[in-house]
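Comments concern the structure below.
Numbering (this note's numbering), first residue to last: 321 to 588.
Encoded structure:
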């Protein structure tokens, strides 16, 4: 069975480890493929992403590791591109398209923050109207492929990161908005992540998207890919068994992987 991860962050953005440390850990774990996905530069928020200068160094380092470890593991040079980033992506093997922000009254807000940031967004910015917040978020998600030219749809329902700790329920109204976004993205035939990153960082006890959303993705003929959204080498394969079980529970029998020839589907 192929072992892989395609959503991997290093100290070039908001990760803990060097690329080489990540590769060495992946080899130790008997990975077949490791894809790096540094946060692409955006001049609207430099707090978590690569800047222009270290993007070049990131590219050089990953390409050097490709050659150094070519007999042990396939290494791919990817990038996680947000919908607000306009930087060139032509140097990368693949792109994860993500939606980390909403814009309200000409101000940018991060939806991937702490409980306090989540509560501020809902209660102060949206005057306690969670559904209005979710609607704006999913309207952005609908555009992620168009704006990023991605091969993977990253953490589709990222705003659910804090749901468990804030006792927020996925109501029918919320699921309706999520399903509308699924409908908009399905025609691109691009896999949705089953992402375990929020689990390893203590935000959730299950992967996202939720089971109800994944079931709808399956019904609509969508594809999936497993990622750990890893920011620490010790969590490279965190929660993959739970992700696989969740996928099986809603009827998936295959997952996507990325190779040097592009995306292909393989059995679990």
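Where a beta carbon is used, it is the ideal one built from N, C-alpha and C, also for glycine.
query: Supposed contact pair residue 537 and residue 576 - C-beta distance, whole angstroms, cut 8 Å; result: So it is not a contact: roughly 12 Å between Cβ atoms.
query: Cut-off 8 Å between Cβ atoms - residues of its own chain near residue 552, not counting five sequence neighbours on either side; result: 335, 336, 337, 520
query: Same chain, Cβ closer than 6 Å to residue 508, neighbours up to 5 away in sequence not counted; result: 465
query: 3-residue-minimum beta strand (DSSP E) runs that sit fully inside the segment 335-393, ordered along the chain; result: 353-359
query: Secondary structure of residue 528, DSSP reduced to three states; result: strand
query: Start-to-end residues for the alpha helix (DSSP H) that takes in residue 464; result: 464-468
query: Candidates 427, 428, 331, 385, of which the one nearest residue 371 by Cα; result: 331
query: Classification of residue 453 by the beta-carbon crowding that lies within 10 angstroms, buried from 16 upward; result: buried
query: Local Cβ density within 10 Å of residue 581, reported as buried at 16 or more and exposed below that; result: exposed
query: Coarse secondary structure for residue 520, derived from DSSP in three states; result: helix
query: Buried or exposed (CB count within 10 angstroms, at least 16 for buried), residue 542; result: buried
query: Check whether residue 381 and residue 340 have beta carbons under 9 Å apart; result: yes
query: Integer-rounded CB distance, given that residue 328 should sit under 8 Å from residue 550; result: 5 Å
query: Environment of residue 428 [buried if 16+ CB atoms lie within 10 Å]; result: exposed
query: Residue environment, residue 354, which counts as buried when at least 16 other CB atoms sit within 10 Å; result: buried
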